[in-house]
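*Asks:* Would you mind keeping the following structure in view while I ask a few things?
Numbering (the numbering used here), first residue to last: 217 to 771.
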């Protein structure tokens, strides 16, 4: 053997992380398998291997017998002496075999056997190393992405992150660093033995253990986890130490601890809820951010009816029912949501369907008195009463109590059907009365009808009044304009035009008849209604006849 053997020997140990002694036994076993393939399955061999010197020798071993029964492993004494003169009967003789004598097929067989044993040794090593690490977060490098499945290099082993265990919308490329939790180590798997997950609830728990020292030390305990990977998670925490705030320790200063977990999960929202032994308070907190008005528990069906205000219903349900779904998983209760208006309507109808215990089928008057004596007045109450409480009543045996419970259950089914029918009927009536759309969203009708003022004589002769007032202004008598302004301020709207028109008619009459100034003033006093303002206006306008010829010529 040459130095190439020594180098290959060291490379296998280095890459496959196989023990030296284990590799030596593998090489010997593979060469023995190749020899048996060449010389027969009953042939015996001895392999001498010195890895430090690169020496490898193979010897075929024969037993010396008087009569040969197995030619592949036995020789007679004469044949043995022909090989080694010192051979003795009953002993063994070794014959050196060169690798060239094996042939190509035998060498190929030796290679396959050696690789198979190396793989088996590697799988055993990986299994022994990681079998106790289930539930531990490991970090690795993305080696290959095939149809969404990721092959992760962990250093001493390869792990497999299937698509179903990946957070939705996450994308990884070759060479990216990834953290995940080990959920399975399979010794007999055909591919990678270590299976990873990023969607497991245990992964979220371990992340908080790494970020929150109080959880790692045991002062704070994570009671339950409800998770929808990539969307939202809820965790319930409880403090074993009165001096430690469970929720505050998980949130951290300015949310630093919980934000580190959110960043690792690529923006997954996390709600931290304080765990409480009282189921009423715990369920109410689990439905946060919605505010719960009251809760009604049904122990027999392990369900709870959460009553909320109308404006809190959408918060309690969450996006696509996510909030109530996570709350139910976190608390372990089946949660139904209903509004205050709906529960009031349901209770009102349910009150109408209350059946007296004496009206139930199979209940005698004597039995009815016994049941009423312990407070069971209705069928509904009997249905909720435990069987053990009925057995404590004198004269009621196990069979009778069971029969009462069965009858009550059947009666309740009929009553519930009737209640559902009433609710459905009332809902249909409400929908029929409800308009096609809510007109109030359009706001009040801003379009208002404007009342039209009645048409007056002033409106009809407005244009004529404007012409008359314009002629008066051309005359240049400022005193007359002032007088007209004072008169119109005390009269109804539109009086100015009428006054101007009448003044113009009087001026024309004065020119034709040649009346004196006192007559003109009297006419103005009569039209103004005889008040003081009208009188003063007439006195001032008494100078108009002097200017009348100028006005006439102007016209």
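Cβ coordinates follow ideal geometry from the N, Cα and C atoms, glycine included.
Would you report the Cα separation of residue 609 and residue 586, rounded to the nearest angstrom?
*Replies:* Working through the chain shown from its first residue, we reach residue 609 at position 393. Working through the chain shown from its first residue, we reach residue 586 at position 370. Each residue's Cα considered, the two are about 7 Å apart.
*Asks:* Residue 227: buried (16+ other C-beta within 10 angstroms of its C-beta) or exposed?
*Replies:* Residue 227 sits at position 11 when you count from the first residue of the chain shown. Per the 10 Å Cβ criterion, exposed.
*Asks:* Using three-state DSSP, classify residue 382 as helix, strand or coil.
*Replies:* Within the chain shown, the letter at position 166 stands for residue 382. Looking at residue 382 - three-state DSSP - the assignment turns out to be coil, as it is neither helix nor strand.
*Asks:* Buried or exposed for residue 348, going by 16 or more other Cβ atoms inside 10 Å?
*Replies:* Within the chain shown, numbered from 1, the residue matching residue 348 stands at position 132. Exposed is the call here.
*Asks:* Residues bridged to residue 467 by DSSP?
*Replies:* Numbered from 1 along the chain shown, position 251 holds the residue referred to as residue 467. The partner list for residue 467 (beta bridge, DSSP) is empty, contrary to what the question assumes.
*Asks:* Pull up the distance between the alpha-carbon of residue 398 and that of residue 413, whole angstroms please.
*Replies:* Residue numbering aside, residue 398 sits at position 182 when the chain shown is read from its first letter. Residue numbering aside, residue 413 sits at position 197 when the chain shown is read from its first letter. Going by the C-alpha atoms only, they are around 7 Å apart.
*Asks:* Taking the continuous beta strand (DSSP E) assigned at residue 292, which residues delimit it?
*Replies:* By one-based count along the chain shown, residue 292 stands at place 76. It spans 290 to 292 - the beta strand (DSSP E) in which residue 292 sits, taken as one unbroken run.
*Asks:* Tell me which same chain residues have a C-beta within less than 7 Å of the C-beta of residue 457, skipping the five on either side of it?
*Replies:* Working through the chain shown from its first residue, we reach residue 457 at position 241. Excluding residues within five positions, the ones whose Cβ falls inside 7 Å are 435.
*Asks:* Using a Cβ-Cβ cut-off of 7 Å (strictly less than) and excluding sequence neighbours within five positions of residue 592, which residues of its own chain qualify?
*Replies:* Position 376 of the chain shown, counted from the start, is the residue given in the question as residue 592. Hits under 7 Å: 573, 598 and 601.
*Asks:* Using the DSSP secondary-structure output, state which residues sit across from residue 308 in a beta bridge.
*Replies:* Numbered from 1 along the chain shown, position 92 holds the residue referred to as residue 308. Its beta-bridge partners are 279.
*Asks:* How far does the alpha helix (DSSP H) with residue 320 in it extend, from its first residue to its last?
*Replies:* As a position in the chain shown, residue 320 is number 104, starting the count at 1. Here the alpha helix (DSSP H) through residue 320 covers 319 to 346.
*Asks:* Assign residue 450 to one of two classes, buried (16 or more other C-beta atoms within 10 Å of its C-beta) or exposed (fewer than that).
*Replies:* Here residue 450 is taken as the residue at index 234 of the chain shown, counted from 1. With 16 or more other Cβ atoms within 10 Å, it is buried.
*Asks:* I need the straight-line Cα distance from residue 415 to residue 442, nearest angstrom please.
*Replies:* Position 199 of the chain shown, counted from the first residue, corresponds to residue 415. Position 226 of the chain shown, counted from the first residue, corresponds to residue 442. If I take the Cα positions, the gap works out to 11 Å.
*Asks:* Of all the options 613, 247 and 516, which has the alpha carbon lying nearest to the alpha carbon of residue 261?
*Replies:* Residue 261 sits at position 45 when you count from the first residue of the chain shown. Out of 613, 247 and 516, 247 has the C-alpha closest to the C-alpha of residue 261.
*Asks:* Among 444, 567 and 517, which one has its Cα closest to the Cα of residue 536?
*Replies:* Locating residue 536 in the chain shown gives position 320, where the first residue counts as 1. The residue with the shortest Cα to Cα distance from residue 536 is 444.
*Asks:* Short check: CB of residue 393 to CB of residue 355, under 8 Å?
*Replies:* If you number the chain shown from 1, residue 393 lands on position 177. If you number the chain shown from 1, residue 355 lands on position 139. Against a cut-off of 8 Å, the Cβ pair of residue 355 and residue 393 comes out as a contact.
*Asks:* Output the distance between the C-alpha atoms of residue 565 and residue 634, rounded to the nearest integer angstrom.
*Replies:* The count along the chain shown starts at 1 and reaches residue 565 at position 349. The count along the chain shown starts at 1 and reaches residue 634 at position 418. Approximately 10 Å between the Cα atoms of the pair.
*Asks:* Looking at C-beta atoms only, is the number of pairs between the segment 507 to 515 and the segment 454 to 474 that lie closer than 8 Å three or more?
*Replies:* No: the two stretches stay apart, fewer than three of their Cβ pairs being nearer than 8 Å.
*Asks:* Touch check for the segment 338 to 346 and the segment 366 to 380: three-plus C-beta pairs under 8 Å?
*Replies:* They touch, by the three-pair rule.
*Asks:* Assuming contact is defined by CB atoms lying nearer than 8 Å, are residue 411 and residue 337 in contact in what I supplied?
*Replies:* As a position in the chain shown, residue 411 is number 195, starting the count at 1. As a position in the chain shown, residue 337 is number 121, starting the count at 1. It is not a contact, given that the beta carbons lie outside the stated cut-off.
*Asks:* Output needed for residue 485: all residues of its chain with C-beta closer than 8 Å, excluding positions within five of it in sequence on either side, in chain order.
*Replies:* The residue given as residue 485 occupies position 269 in the chain shown. Hits under 8 Å: 447, 448, 449 and 478.
*Asks:* Which same chain residues, not among the five before or five after residue 476, have their C-beta less than 7 Å away from its C-beta?
*Replies:* Numbered from its first residue, the chain shown carries residue 476 at position 260. Only 427 meet the Cβ criterion.
*Asks:* Since residue 288 contacts residue 259 with CB under 8 Å, what's their CB separation in whole angstroms?
*Replies:* Reading the chain shown from its first residue, position 72 is the one you call residue 288. Reading the chain shown from its first residue, position 43 is the one you call residue 259. Sure, about 4 Å apart at Cβ, within 8 Å.
*Asks:* Do residue 384 and residue 353 have their C-beta atoms within less than 8 Å of each other?
*Replies:* Position 168 of the chain shown holds residue 384. Position 137 of the chain shown holds residue 353. No.
*Asks:* Mind checking whether residue 489 and residue 452 have CB atoms under 8 Å apart?
*Replies:* Position 273 of the chain shown, counted from the start, is the residue given in the question as residue 489. Position 236 of the chain shown, counted from the start, is the residue given in the question as residue 452. Cβ atoms of residue 489 and residue 452: closer than 8 Å.
*Asks:* Which of helix, strand or coil does DSSP assign to residue 374?
*Replies:* Against the chain shown, residue 374 aligns to sequence position 158. It is a strand residue.
*Asks:* Taking the alpha-carbon positions, what's the residue 534 to residue 403 distance?
*Replies:* Sequence index remark: in the chain shown, residue 534 carries index 318 (1-based). Sequence index remark: in the chain shown, residue 403 carries index 187 (1-based). Residue 534 and residue 403: Cα-Cα distance of roughly 43 Å.
*Asks:* Where residue 230 and residue 330 are concerned, what is the direct C-alpha to C-alpha distance, given to the nearest angstrom?
*Replies:* In the chain shown, the residue the question calls residue 230 occupies position 14. In the chain shown, the residue the question calls residue 330 occupies position 114. For residue 230 and residue 330, the distance between alpha carbons rounds to 16 Å.
*Asks:* Does the Cβ of residue 249 have 16 or more other Cβ atoms within 10 Å, making it buried, or fewer, making it exposed?
*Replies:* Here residue 249 refers to the residue found at position 33 when the chain shown is read from its first residue. So residue 249 ends up on the buried side.
*Asks:* Using only alpha-carbon positions, find the residue among 266, 311 and 252 that is nearest to residue 280.
*Replies:* For the purposes of this step, residue 280 is taken as residue 64 along the chain shown, with counting starting at 1. Of the candidates 266, 311 and 252, the one whose C-alpha sits nearest the C-alpha of residue 280 is 311.
*Asks:* Which ranges does the alpha helix (DSSP H) cover as unbroken runs of at least 4 residues, wholly within the segment 506 to 580, from first to last along the chain?
*Replies:* For the segment 506 to 580, whole alpha helix (DSSP H) runs of length 4 or above, ordered along the chain, are 529 to 533, 538 to 547 and 556 to 568.
*Asks:* Could you check if residue 471 is buried or exposed, using at least 16 other CB atoms within 10 Å of its CB as the buried criterion?
*Replies:* For this step, residue 471 is matched to residue 255 along the chain shown. Classification of residue 471: exposed, given that the 10 Å Cβ count is below 16.
*Asks:* Is it right to say residue 640 is buried, meaning 16 or more other beta carbons lie within 10 angstroms of its own, or is it exposed?
*Replies:* For the purposes of this step, residue 640 is taken as the residue at position 424 of the chain shown. It is exposed - the Cβ of residue 640 has fewer than 16 other Cβ atoms within 10 Å.
*Asks:* Mind checking residue 524: buried by the 16 CB within 10 Å criterion, or exposed?
*Replies:* Here residue 524 corresponds to residue number 308 of the chain shown, with the count starting at 1. Classification for residue 524: buried.
*Asks:* The beta strand (DSSP E) that contains residue 489, what's its start and end?
*Replies:* One-based indexing of the chain shown puts residue 489 at position 273. 485 to 490 is the extent of the beta strand (DSSP E) around residue 489.
*Asks:* CA-CA distance, residue 550 and residue 521?
*Replies:* Locating residue 550 in the chain shown gives position 334, where the first residue counts as 1. Locating residue 521 in the chain shown gives position 305, where the first residue counts as 1. Each residue's Cα considered, the two are about 8 Å apart.
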